[in-house]
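Remarks on the structure that follows.
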Amino acid sequence: MFTEEQNELVESAAEMLYGLIHARYILTSKGMAAMHEKYKNYDFGRCPRVYCCGQPCLPVGQADIPRSSTVKIYCPKCEDIYYPRSKYQGNIDGAYFGTTFPHLFLMTYSHVKPQKPNQSYSQRVFGFKIHKP
1195 MFTEEQNELV
1205 ESAAEMLYGL
1215 IHARYILTSK
1225 GMAAMHEKYK
1235 NYDFGRCPRV
1245 YCCGQPCLPV
1255 GQADIPRSST
1265 VKIYCPKCED
1275 IYYPRSKYQG
1285 NIDGAYFGTT
1295 FPHLFLMTYS
1305 HVKPQKPNQS
1315 YSQRVFGFKI
1325 HKP
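The opening position of the sequence shown corresponds to residue 1195 in my numbering, with each subsequent residue numbered one higher.
Dropping the structure here:
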């Protein structure tokens, strides 16, 4: 019925549509509840920063426009983003999670928002702190 080229085009469009619907769904109360379970199970990974002590992370897109960047993980403790360790996660479009999700999630589930780390790494040479001009 369809040519191979048309099939690929339809599959690509369907994948993008599903991803953009997913971005809207996770902002609903049911979607937030499902993502909360995944967050509690560390499904999105842990923060690679030492002073965050294995803090669970949340997925975030750097743009809401499809095909502009891949998904990253956001650490609510140090408030920074990192590349996911999983190659599978690293290939997912960031627009499928959007820029809003982690911040709305932490506003909705404020009890899971961690305190900022009380320690930070300071550069030292022979025990002396390095001061940058």
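From the three backbone atoms N, C-alpha and C, an ideal C-beta is built for every residue, glycine too. Since the structure is predicted, the reported quantities are computational estimates derived from the model, not experimental observations.
Check	Outcome
In chain order, which continuous runs of the beta strand (DSSP E) of length 3 or greater are located wholly inside the region 1225 to 1266?	1252 to 1254
Is the beta carbon of Asp-1237 less than 8 Å from the beta carbon of Gly-1292?	no
So what's Gln-1281 in DSSP terms, helix, strand or just coil?	Looking at the sequence itself, residue 1281 is Lys, so the reference to Gln does not match. In this structure, Lys-1281 counts as helix in the three-state DSSP scheme.
Measure the CB-CB distance between Gly-1239 and Ile-1267 and report whether it falls below 8 Å.	yes
For the beta strand (DSSP E) containing Tyr-1276, list its first residue and its last residue.	1274 to 1276
Whose C-alpha, out of Asp-1274, Ala-1228, Leu-1252 and Gln-1313, is nearest the C-alpha of Gln-1283?	Leu-1252
Between Ser-1314 and Lys-1323, which are expected to be in contact by the criterion C-beta below 8 Å, what is the C-beta distance as a whole number of angstroms?	In fact, because the Cβ distance is near 12 Å, the residues do not count as touching under 8 Å.
Please name the residue in Gln-1256, Asp-1287, Ser-1206 and Asn-1285 whose C-alpha comes closest to that of Ile-1275.	Gln-1256
Can you tell me whether Gly-1321 is buried or exposed, with buried defined as 16 or more other CB within 10 angstroms of its CB?	exposed
Within 10 angstroms of its Cβ, does Ala-1217 collect 16 or more other Cβ (buried), or is it exposed?	buried
On the premise that Gln-1249 lies in contact with Pro-1308, defined as a C-beta separation below 8 Å, what is that separation, rounded to the nearest angstrom?	6 Å
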